[in-house]
Amino acid sequence: MGNRLPGIGTVGRVAQPEGTSAQEHRTTTAEQGRFCVARCTCGWRGPARRARSLARRDAETHETGGAP
Ligand SMILES: [Zn+2]
């Protein structure tokens, strides 16, 4: 078994390309109490919904570019 130390000595692990107009949107739904909120990796956050299906719909709408 190799016993390598990750993150040490490695340069340029993740290089973010410049000028990425198409930011990746990965949405998730998180439950907050009785509500469900859609979140995205870009920092977007949907409104609190009572139903998870609604929150997921918000997320899908955002992913497809429906909401800025
Ligand atoms: Zn997003």
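Each step along the sequence shown adds one to the number in the UniProt record's numbering, with nothing skipped, and position 46 is 46.
Glycine residues also receive a C-beta, built at the ideal position from the N, C-alpha and C atoms.
Nonlocal neighbours in the same chain, by C-beta distance under 6 angstroms from residue i, ignoring five residues either side
i   : result
T41 : R26
A59 : T27, A38
C36 : T29, R49, R52, A55
E63 : H25, T27
Cβ-Cβ separation, residue j to residue i (assumed contact under 8 angstroms), whole Å
i   : j   : result
R34 : R50 : 7 angstroms
A55 : T29 : 5 angstroms
Nonlocal neighbours in the same chain, by C-beta distance under 7 angstroms from residue i, ignoring five residues either side
i   : result
A67 : Here the model assigns A67 a pLDDT of 45, short of 50, so the residue's position is not dependable, and the following value carries that caveat. Correct list, in chain order: T61.
Residue-chain proximity (residue i, chain D), Cβ-Cβ < 8 angstroms
i   : result
G46 : Although the question refers to chain D, the structure presented lacks it and comprises just one protein chain.
Nonlocal neighbours in the same chain, by C-beta distance under 8 angstroms from residue i, ignoring five residues either side
i   : result
Q32 : A48
Exercise for the section: Please list, following the chain, all residues that have a C-beta closer than 5 angstroms to any non-hydrogen atom of ligand 1. Expected result: This selection yields H25, C40, C42, W44.
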